[in-house]
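All remarks here apply to the structure that follows.
In our numbering, the protein residues as written are 3 to 137.
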């Protein structure tokens, strides 16, 4: 197994247990994809990419449901950020399925996007959601 690609750090915690646990699972899938990429395991990378896409879509749905319950005023904008990301990853998936080597591009995108999104976008809703839902 390769060195761990992404490391969870406490500054990524939102303090909302469900969100934090799901974010950690996303990190796990990204690390699995990285390991497969480093090992030049195309089949393993495809499996990890499928897991990542499926789980990301589920996580975004869960998170947006939470924001809707909390009547978060920036929900539509947050949804658009999620939608744009899913579309990017699905584009990579299409290229991957067509035989392109998208591993490094995917790793670069995922490394930058996830933690930046958590720190900027997700941390932006934490206070509102906690106050509205009594968390």
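Virtual Cβ for every residue (Gly too), placed ideally from N, Cα, C.
Any chance the region 120-135 sits against the region 16-31, with 3 or more Cβ pairs inside 8 Å?
They touch, by the three-pair rule.
- Query: With burial defined as no fewer than 16 other Cβ atoms inside 10 Å of the residue's Cβ, what is the status of residue 35: buried or exposed?
  - Reply: With 16 or more other Cβ atoms within 10 Å, it is buried.
Practice task
Quick one: using the 10 Å Cβ neighbour count with 16 as the cut-off for buried, is residue 79 buried or exposed?
Solution key: By the 10 Å Cβ count, residue 79 comes out exposed.
task = State the Cα-Cα distance for the pair residue 3 and residue 69, rounded to the nearest angstrom.
result = Residue placement at residue 3 cannot be trusted, given a pLDDT of 47 that sits under 50; what the coordinates show is reported in the next sentence. C-alpha separation (whole angstroms): 37 Å.
Exercise. How would you label residue 107, buried or exposed, when you count the other beta carbons within 10 angstroms and need 16 or more for buried?
Worked result: It is exposed - the Cβ of residue 107 has fewer than 16 other Cβ atoms within 10 Å.
**Item:** Exposure of residue 47, with buried meaning 16 or more beta-carbon neighbours within 10 Å
**Value:** With 16 or more other Cβ atoms from the protein chains shown falling within 10 Å of its own Cβ, residue 47 counts as buried.
- Query: Pairing CB atoms from the region 116-127 with CB atoms from the region 92-106, are three or more of them under 8 Å?
  - Reply: The answer is no - the region 92-106 does not touch the region 116-127, with fewer than three Cβ pairs under 8 Å.
Worksheet entry | Counted within 10 angstroms of its Cβ, other Cβ atoms place residue 33 as buried (16 or more) or exposed | Buried, because 16 or more other Cβ atoms sit within 10 Å of the Cβ of residue 33.
_Sequence-distant residues of the same chain with beta carbon closer than 7 Å to residue 27, five excluded per side_ = Counting only Cβ-Cβ distances below 7 Å, and skipping sequence neighbours, we find 57.
Going along the chain, which residues of its own chain have a beta-carbon closer than 8 Å to the beta-carbon of residue 61, five neighbours each way excluded?
Counting only Cβ-Cβ distances below 8 Å, and skipping sequence neighbours, we find 24, 25, 27, 28.
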